[in-house]
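Some notes on the structure that comes next.
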Amino acid sequence: MRIILEACEAEIVEKKSRFIANIAMVNSEEEALEFIEKIKKKYYDARHNCYAYIIGEDGNKKKCSDDGEPQRSAGMPMMEVIQNQGYFDIVAVVTRYFGGTLLGVGGLIRAYQGAVIEALSKGKIGEINSGVRVKYKFGYDFYGKIKYIAESENVVIEDTIFDDMVTISLIFKSEECEKLQKKLIEETNANIEQLLLEEIKYITVDDKWYGEYGDTISIREK
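The following block contains the structure:
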């Protein structure tokens, strides 16, 4: 599953018609409608401002509009792009300035989808992952070994506190948590104390840790 972390924009031209896509992350249907109205005001002189949005991880709130274009030639094709690519909490608006040449339904579908795809290619895309946060306490003698294991296994080191002992917070991928926990116990001869274990969802950008994801996004950038 994916989210768009920063608003993005792109323009394509088909037979002199301009298709301007604006895409943003939204947390509610109200925010989606506000964004749509903002784009309509910005391009008040455009012939069409077609849109599609999906709210919620389960996509329980979604809507699209052809805004005067032939039926199912704009809004639904836009919806198919964002839905098939796994996006949610997203709104896409494509503004069309007519260039004088009719494109036909097939041409319109390709243009509206192409504008959305082009905008998404310029966006900062977050992948939603399931993980487990585990916090440990251990002696300084084991810090180097634990740090090495975490880095070699692509485990996120979220936080480290150096006091009388070392306290470290690690983010494991859900499917690897049990295996890596056993490895840490074995490598430290069980001289490691688990303080916390909780399931979380987190965001990666280009396969790198970006931040924790919750009901609202909580970003702890690293």
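Using the numbering used here, the first residue of the sequence shown is number 3, and each one after it goes up by one. Heads up, the beta-carbon is just placed ideally off N, CA and C, and yes, glycines get one too.
On the CB-based measure, 16 or more other CB atoms within 10 Å of its CB, does residue i come out buried or exposed?
i	result
S30	exposed
L104	exposed
K224	Its pLDDT being 32, under 50, K224 is placed unreliably in this model, and the value from its coordinates should be taken loosely. Exposed is the call here.
G133	buried
Y19	The question names Tyr, yet the displayed sequence has Ser at residue 19. Buried, by the Cβ-count rule.
L110	buried
Please name the residue, chosen from the options, that lies closest to residue i on a Cα-to-Cα basis.
i	options	result
Y150	I127, M3, I170, V134	I170
S75	Y114, I56, F100	Y114
E155	M81, K185, K139	K185
K63	N86, Q87, A34	A34
C179	E201, L197, I194	E201
I57	M27, D68, K40	M27
Q1	K210, E189, M3	This structure leaves residue 1 out entirely; the chain is present only between 3 and 224.
Tell me which residue opens and which closes the alpha helix (DSSP H) that residue i is part of.
i	result
E71	Per DSSP, E71 belongs to no alpha helix (DSSP H) and is neither H nor E.
R4	It is not in any alpha helix (DSSP H) - R4 instead sits in the beta strand (DSSP E) that spans 4-6.
F152	Residue identity differs from the one stated: residue 152 is Ala in this sequence, not Phe. 145-154 is the extent of the alpha helix (DSSP H) around A152.
E160	Taken as a continuous stretch (DSSP letters only), E160 belongs to no alpha helix (DSSP H), being part of the beta strand (DSSP E) at 158-164.
Work out the CA separation of residue j and residue i for me, nearest whole Å.
i	j	result
Q73	K137	54 angstroms
E13	G106	19 angstroms
Y204	E11	25 angstroms
Y89	L182	30 angstroms
D208	V95	25 angstroms
M2	E16	Past the edges of the chain, shown from 3 to 224, lies residue 2, and the structure says nothing about it.
I159	G102	57 angstroms
A9	D47	22 angstroms
I119	V83	7 angstroms
T218	D91	In this prediction, T218 has a pLDDT of 43, which is less than 50 and means its spatial position is unreliable; nothing more can be read from the coordinates.
G116	A54	14 angstroms
G213	G146	25 angstroms
Which residue comes first and which comes last in the beta strand (DSSP E) that contains residue i?
i	result
Q196	194-207
E129	127-140
V118	Here V118 belongs to no beta strand (DSSP E); instead the alpha helix (DSSP H) covers 106-124.
Please report whether the beta-carbon of residue i lies at a distance below 8 angstroms from any beta-carbon of chain B.
i	result
L197	In summary, chain B is missing from the structure at hand, where a single protein chain is found.
If you reduce the DSSP assignment to three classes, tell me which class residue i lands in.
i	result
M27	strand
E16	strand
F90	coil
T218	Bear in mind that a pLDDT of 43 at T218, under 50, signals an unreliable position, so the model cannot answer this.
G213	strand
E33	helix
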